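Chemist:
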Amino acid sequence: MMDRSAFVGVTSGGLCGSAKVQRSAVCLKMSAAPSGEMDRRSVLLLGTAMASLAFVGAPGNALADGAVSDATRKRARVIYGARVMDLTPEIEKLPELAEKGSWVQILNMVSSDKKKPGSLVGMKNSFILFTSGAYAGFKQSQVELTNAQNILFDAVSKLENAAKSKNTKVAQLAANEIVKSFNEYKAVGELKPNPFAGEPGQVWSSDFAATRKMNATPYLKSEE
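The opening residue of the sequence shown carries number 2 in the numbering used here; numbering runs sequentially from there.
#1: Between VAL189 and ALA135, how many whole angstroms is the CB-CB distance? I'm expecting something under 8 Å.
#2: What residue from ALA176, GLU145, ARG78, SER182 has the CA that sits closest to ALA104's CA?
#3: Which parts of the stretch 128-198 are runs of the alpha helix (DSSP H), unbroken and 4 residues or longer, counting only runs that do not cross its ends?
#4: Assuming contact is defined by CB atoms lying nearer than 9 Å, are SER187 and MET110 in contact in what I supplied?
#5: By the 10 Å Cβ neighbour count, where 16 or more other Cβ atoms means buried, how is SER166 classified, buried or exposed?
#6: For PRO90, name the three-state secondary structure that DSSP assigns.
#7: Report the option in THR147, LEU130, LEU146 whose CA atom is closest to the CA atom of LYS75.
#8: Count the other CB atoms, across all protein chains shown, that sit within 10 Å of the CB of SER70; report buried if there are 16 or more and exposed otherwise.
#9: Any idea if LYS116 is buried or exposed, counting beta-carbon neighbours within 10 angstroms, 16 or more meaning buried?
#10: Is the beta carbon of ALA99 closer than 9 Å to that of ALA156?
#11: Alpha carbon to alpha carbon, how far is LEU174 from LYS181? Give it in angstroms, no decimals.
#12: Have a look at LYS140, VAL122, SER113, LEU95 and flag the residue whose alpha-carbon is nearest the alpha-carbon of ASN107.
#13: Have a look at GLU145, GLN141, PHE128 and flag the residue whose alpha-carbon is nearest the alpha-carbon of PHE154.
#14: For ILE80, tell me which candidate among GLY138, GLU91, MET124, ILE92 has the shortest Cα-Cα distance.
#15: Could you spell out the range, first to last residue, of the alpha helix (DSSP H) harbouring VAL69?
#16: Please classify GLY138 as buried or exposed, where buried requires at least 16 other C-beta atoms within 10 Å of its C-beta.
#17: So for LEU121, helix, strand or coil by DSSP?
#18: Check whether the Cβ atoms of PHE183 and THR89 sit closer than 9 Å, and answer yes or no.
#19: Does DSSP classify GLY82 as helix, strand or coil?
#20: Of the residues ALA172, THR147, LYS140, ALA83, which one's Cα is nearest the Cα of GLU185?
#21: Pick from SER133, SER120, VAL144, ILE152: whose alpha carbon is nearest that of GLU178?
#22: According to the neighbour-count rule (16 or more other Cβ atoms, all chains shown, within 10 Å of its Cβ), is SER112 buried or exposed?
#23: Going straight from the alpha carbon of PRO118 to that of GLU161, what length do you get?
#24: State yes or no: is the C-beta of THR169 within less than 9 Å of the C-beta of GLY82?
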């Protein structure tokens, strides 16, 4: 059934409407002009009335808390920071793999194949989302993180090309650059393992918690 309190219609007497919140009817009597058009006063009143009704019915944008808050930053840190940290063991062994010429293992990490990207290349978006989410509103930190990220993935491309051509010297240089820029990224992003990760206890409160099913939950310092 239609709610009469939200009804707006045109009758023989004019246009009438009422809002749920205010409950007061807004009626505009049509002009009796021979041409059938509304006079200037009615036009102005009509515009005001329709704007009022739209304001009452529309969501209050001014009441929204915005896309950036401490909670959203922490959520980005937990989700995307954990994914970045999970890459640590693989990245740390890259120099050794390059030295041994383990090209298949290297390509499994750095391949840019769109159908089957390497494990490191496939996580590029996690770096981007961590930078934009965990440091939303902190421009300088975002610039530093982006620089380290760009250097890292530029070195990843070099390592891929070196692996394909089996160039050990170039591969070693690229692998060392990846490790260096990755450590810089973690340092700027304050990504470090949770010192209580091995302790018994529950770190999430529901299935909707950001820490649910995280392999390497970053340490979150409590605000005092």
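Where a beta carbon is used, it is the ideal one built from N, C-alpha and C, also for glycine.
Given the structure is predicted, the values throughout are model-derived calculations rather than measurements.
Modeler: Walking through what the data contain:
#1: Position 188 of the sequence shown, counted from the start, is the residue given in the question as residue 189. Position 134 of the sequence shown, counted from the start, is the residue given in the question as residue 135. Their Cβ separation, rounded to whole angstroms, is 11 Å, which puts VAL189 and ALA135 out of contact at 8 Å.
#2: What you label residue 104 is simply residue 103 of the sequence shown in a count that begins at 1. Strictly speaking, residue 104 in this sequence is Trp, with Ala absent from that position. Measuring from the Cα of TRP104, the nearest candidate turns out to be ALA176.
#3: For the stretch 128-198, whole alpha helix (DSSP H) runs of length 4 or above, ordered along the chain, are 140-166, 169-189.
#4: Reading the sequence shown from its first residue, position 186 is the one you call residue 187. Reading the sequence shown from its first residue, position 109 is the one you call residue 110. Position check: residue 187 holds Lys in this sequence, whereas Ser was assumed. For LYS187 and MET110, no; Cβs fall outside 9 Å.
#5: Mapped onto the sequence shown, residue 166 falls at position 165. When all chains shown are included, SER166 counts as exposed.
#6: Counting from one through the sequence shown, the residue named residue 90 turns up at place 89. In the structure shown, PRO90 sits in a helix (DSSP, three-state: H, G or I).
#7: Here residue 75 corresponds to residue number 74 of the sequence shown, with the count starting at 1. Ranking THR147, LEU130, LEU146 by Cα distance to LYS75 puts LEU130 first.
#8: Here residue 70 refers to the residue found at position 69 of the sequence shown. Answer is exposed; the Cβ neighbour count stays below 16.
#9: Mapped onto the sequence shown, residue 116 falls at position 115. LYS116 should be labelled exposed.
#10: Reading the sequence shown from its first residue, position 155 is the one you call residue 156. Reading the sequence shown from its first residue, position 98 is the one you call residue 99. Result no, Cβ atoms of ALA156 and ALA99 do not sit closer than 9 Å.
#11: Counting from one through the sequence shown, the residue named residue 181 turns up at place 180. Counting from one through the sequence shown, the residue named residue 174 turns up at place 173. Each residue's Cα considered, the two are about 11 Å apart.
#12: Numbered from its first residue, the sequence shown carries residue 107 at position 106. In the sequence on display, residue 107 carries Ile and not Asn. Checked all of LYS140, VAL122, SER113, LEU95; the closest Cα to ILE107 is LEU95.
#13: Taking the sequence shown and counting its residues from 1, the one referred to as residue 154 is at position 153. Closest by alpha carbon: PHE128.
#14: What you label residue 80 is simply residue 79 of the sequence shown in a count that begins at 1. Ranking GLY138, GLU91, MET124, ILE92 by Cα distance to ILE80 puts MET124 first.
#15: The residue you call residue 69 lines up with position 68 of the sequence shown. Looking at the DSSP string, VAL69 is not in any alpha helix (DSSP H), and its letter there is neither H nor E.
#16: By 1-based counting over the sequence shown, the position of residue 138 is 137. Answer is exposed; the Cβ neighbour count stays below 16.
#17: Taking the first residue of the sequence shown as 1, we reach residue 121 at position 120. In this structure, LEU121 counts as coil in the three-state DSSP scheme.
#18: By one-based count along the sequence shown, residue 183 stands at place 182. By one-based count along the sequence shown, residue 89 stands at place 88. Cβ atoms of PHE183 and THR89: closer than 9 Å.
#19: For the purposes of this step, residue 82 is identified with residue 81 of the sequence shown, where counting begins at 1. Helix.
#20: Stepping through the sequence shown from its first residue, residue 185 is reached at position 184. Nearest C-alpha to GLU185: THR147.
#21: In the sequence shown, counting from the first residue as 1, residue 178 sits at position 177. Taking only the C-alpha atoms, the option nearest GLU178 is ILE152.
#22: Taking the first residue of the sequence shown as position 1, residue 112 is located at position 111. Buried, by the Cβ-count rule.
#23: Sequence index remark: in the sequence shown, residue 118 carries index 117 (1-based). Sequence index remark: in the sequence shown, residue 161 carries index 160 (1-based). Each residue's Cα considered, the two are about 11 Å apart.
#24: Taking the first residue of the sequence shown as 1, we reach residue 169 at position 168. Taking the first residue of the sequence shown as 1, we reach residue 82 at position 81. Contact flag unset, no.
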